[in-house]
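Here the structure is laid out as structure tokens; the discussion comes afterwards.
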Amino acid sequence: MQKLNNYIDGKICPPNNGQYLDVYNPSNGLVYTQVADSSTEDLEIAVMSAKKAFPIWSSMSVDERHRILIRIADLIESKHDFLAEAESKDNGKPLWLAKRVDIARAADNMRFFANASTQFASESHSMKGAINYTLRSPLGVVGTISPWNLPLYLFTWKIAPALATGNVVIAKPSEVTPLTAYLFSEICIEAGLPAGVLNVLHGNGANIGAAISKHSDIKAISFTGSTKVGKIIAVEAASNFKKSSLEMGGKNANIIFGDCDYDKTLKMTLNSSFSNQGQICLCGSRIYVQEDIYDRFKKDFVAAASKWKVGNPLDSDIKVGAMVSKPHMEKVLEHIKLAKEEGGQILLGGERIYPEGLKEGYYIGPTIIEGLGNDCRTNQEEIFGPVVSIMPFKNEAEVINLANDSNYGLSCTIWTSNLQKAHRVAKEVDAGLIWVNTWLKRDLRTPFGGVKQSGMGREGGFEAMRFFTEPKNVCIQYE
Ligand code: NAD
-16 MQKLNNYIDG
-6 KICPPNNGQY
4 LDVYNPSNGL
14 VYTQVADSST
24 EDLEIAVMSA
34 KKAFPIWSSM
44 SVDERHRILI
54 RIADLIESKH
64 DFLAEAESKD
74 NGKPLWLAKR
84 VDIARAADNM
94 RFFANASTQF
104 ASESHSMKGA
114 INYTLRSPLG
124 VVGTISPWNL
134 PLYLFTWKIA
144 PALATGNVVI
154 AKPSEVTPLT
164 AYLFSEICIE
174 AGLPAGVLNV
184 LHGNGANIGA
194 AISKHSDIKA
204 ISFTGSTKVG
214 KIIAVEAASN
224 FKKSSLEMGG
234 KNANIIFGDC
244 DYDKTLKMTL
254 NSSFSNQGQI
264 CLCGSRIYVQ
274 EDIYDRFKKD
284 FVAAASKWKV
294 GNPLDSDIKV
304 GAMVSKPHME
314 KVLEHIKLAK
324 EEGGQILLGG
334 ERIYPEGLKE
344 GYYIGPTIIE
354 GLGNDCRTNQ
364 EEIFGPVVSI
374 MPFKNEAEVI
384 NLANDSNYGL
394 SCTIWTSNLQ
404 KAHRVAKEVD
414 AGLIWVNTWL
424 KRDLRTPFGG
434 VKQSGMGREG
444 GFEAMRFFTE
454 PKNVCIQYE
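Heads up: the sequence shown at position 198 corresponds to 181 in our numbering, and the numbers run straight through without jumps.
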């Protein structure tokens, strides 16, 4: 069994303490490999290597850095199917989804930010007798911490803008799904990324993740994960005056008006509810349906969701694969139990599924709950599984209040054929991302992030590049 080791100073190397964590294949519940459980000793070596690499990488021309990052994107593309199989095995997601979304978008991230670096410019402000211009310099050594739900996609989403702007990176992928980040290290070696520019440290979040967010030589932390861990990182970063960008949990509203394009709304609501087993931070988990179509929509939604086949992630006809881990599956099942205790009626699903030949795997089918008020825990806490709550509403004002009655504010989807109403509701809902008559359509140039307990700061496009650079104003008097 090949172990998944760290990538430090341009080399794949075992952790100093010799400690490893088991890595499971969620489709069958079996340990398939082990991953390095790094310690602060590994971190010190990685930071030293990154500091040595910083003057080399940051002083390269934009063109030279661009060439290397594009080479990495090309290599991801050339290994597309192999990486997709790895992602599916590690995470439990359907193989077709890993191919279509995770790996394709990981290559897009590298290519997009490499190209964006050739267009990234700073401002100039002219005044009477003087001109100001702003220099935007890389920060130095920066840390990125990413989750398990879209492993390579979110790993590259962070490191690409950091590297493209001339920073050197200490990256910590999730210990639950470390495989593609490990394979990415091999790609960096093949692409000729100079030693120390990217260091990948694997291991337990509470140990090595916390050590990265505390380290005084690491100037910024870009984190995607739960609100609980985001809060810890926010405190660490603030007490060390570190820049931080936090992308956290969500409890997204999906607002369906009676005048929507019914068939399209139904089809897309299935996707926004259950794609990736509901383990996408942007999934809509609170579905508000206007009362004139509520009964019809509920019936059709349950019927359509019941056709979503659950099973082996490698089968091309399944829609729902395995939950990422046993603890996460158990957490989601606990939430379903709670929903019943709160008075919810389970219209579909609600139980663990044991597919033939994969009885030890972690499966839960699409689960639809009805009959709960907005303020119960089921409708307030992030579940992060294939579980949605469906509720009727009367009018625009009421549904805006319901949507905003949440500590979270990541995204919201609105379905209506009335453009004025779409604009009004989009403006009033407290969320960082609004989709109207679509879901998950992404343009990498747009700001990405949430409000309230869903996020602090924005990623995407030049927003991410501004985060990873420090502006310095130079004022020159010429009169
Ligand atoms: P998590 O917070 O448990 O872990 C995320 C990362 O943080 C992992 O790499 C983990 O090892 C690390 N970590 C854990 N404890 C740490 C600590 N004390 N200090 C530093 N790092 C630590 O999240 P998860 O369970 O991996 O992912 C699911 C969560 O991510 C959900 O809440 C989901 O909404 C959120 N998410 C948000 C977005 C977004 O863009 N807003 C995108 C994807 C996922």
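Where a beta carbon is used, it is the ideal one built from N, C-alpha and C, also for glycine.
Sixteen is the threshold: since fewer than 16 other Cβ atoms of the shown chains lie within 10 Å of the Cβ of Asn401, the residue is exposed. The continuous stretches of alpha helix (DSSP H) do not include His185, and DSSP gives it neither H nor E. Ranking Pro77, Ala447 and Trp40 by CA distance to the CA of Lys226 puts Ala447 first. Annotated three-state conformation of Ala69 is helix, per DSSP.
For Ile215, the shortest separation between its Cβ and any heavy atom of the ligand NAD lies below 7 Å. Going by C-alpha positions, Asn(-11) is about 5 Å away from Leu184. Around the CB of Ala189, fewer than 16 other CB atoms lie within 10 Å, so the residue is classed as exposed.
In terms of Cα proximity to Ser129, the closest of Val180, Gly192, Thr361 and Ile86 is Gly192. Apart from sequence neighbours up to five positions away, the residues of its chain that approach Glu411 with a beta-carbon distance below 8 Å are Ile383 and Asn387, ordered along the chain. In the structure shown, the three-state DSSP call for Thr148 is coil. Annotation for Gly348 indicates a beta carbon at 7 Å or more from all heavy atoms of the ligand NAD.
Around the beta carbon of Glu365, 16 or more other beta carbons sit within 10 angstroms, so the residue counts as buried. Judged by the Cβ position, Ile142 fails to qualify as a neighbour of the ligand NAD at the 7 Å threshold, every heavy atom of the ligand being at least this far. Asn235 is bridged by DSSP to Gly267. Taking C-alpha positions only, Lys302 is separated from Val285 by approximately 15 Å.
DSSP places Asp57 in the uninterrupted alpha helix (DSSP H) bounded by Val45 to Ser61.
Pairing Ala305 with Glu219, the inter-Cα distance amounts to about 34 Å.
Closest by C-alpha distance to Pro(-2), out of Asp20, Tyr7 and Ile351, is Asp20.
Judged by DSSP secondary structure, Arg407 falls outside any beta strand (DSSP E) and instead within the alpha helix (DSSP H) spanning Leu402 to Glu411. Sequence-distant partners of Met231 (beyond 5 residues in either direction) whose C-beta falls short of 6 Å from its own C-beta, in its chain, are Thr210, Gly213, Ser437 and Gly438.
Of the heavy atoms belonging to the ligand NAD, at least one sits nearer than 7 Å to the Cβ of Ile128. For Leu13, the beta-bridge partners assigned by DSSP are Asn8.
Listed as beta-bridge partners of His108 by DSSP are Asn115. In this structure, Val371 lies near Ser268, with their beta-carbon atoms less than 8 Å apart. Contact between the region 130 to 137 and the region 73 to 92 is present: 3 or more CB-CB pairs across the two stretches fall below 8 Å. For Thr127, the three-state secondary structure derived from DSSP is strand. Taken from the Cβ of Trp131, at least one heavy atom of the ligand NAD lies inside 7 Å. For secondary structure counted as the beta strand (DSSP E) over 3 or more consecutive residues, the region 194 to 252 holds these complete runs in sequence order: 203 to 207, 226 to 230 and 235 to 239. Distances from the alpha-carbon of Val180 to those of Lys377, Lys35, Asp413 and Asn235 put Lys35 closest. Between Asn237 and Tyr271, the C-beta gap is smaller than 8 Å, which places the two residues in contact.
Short note on Thr207: C-beta closer than 7 Å to some heavy atom of the ligand NAD. Judged by their CB atoms, Asn74 and Trp131 are nearer to each other than the 8 Å cut-off. The ligand NAD has no heavy atom closer than 7 Å to the beta-carbon of Ser227.
Rounded to whole angstroms, the gap between the alpha carbons of His311 and Thr117 is 46 Å.
Counting the other CB atoms within 10 Å of its CB gives Pro38 a total below 16, which places it among the exposed residues. According to the DSSP secondary-structure assignment, Pro454 is paired through a beta bridge with Arg119.
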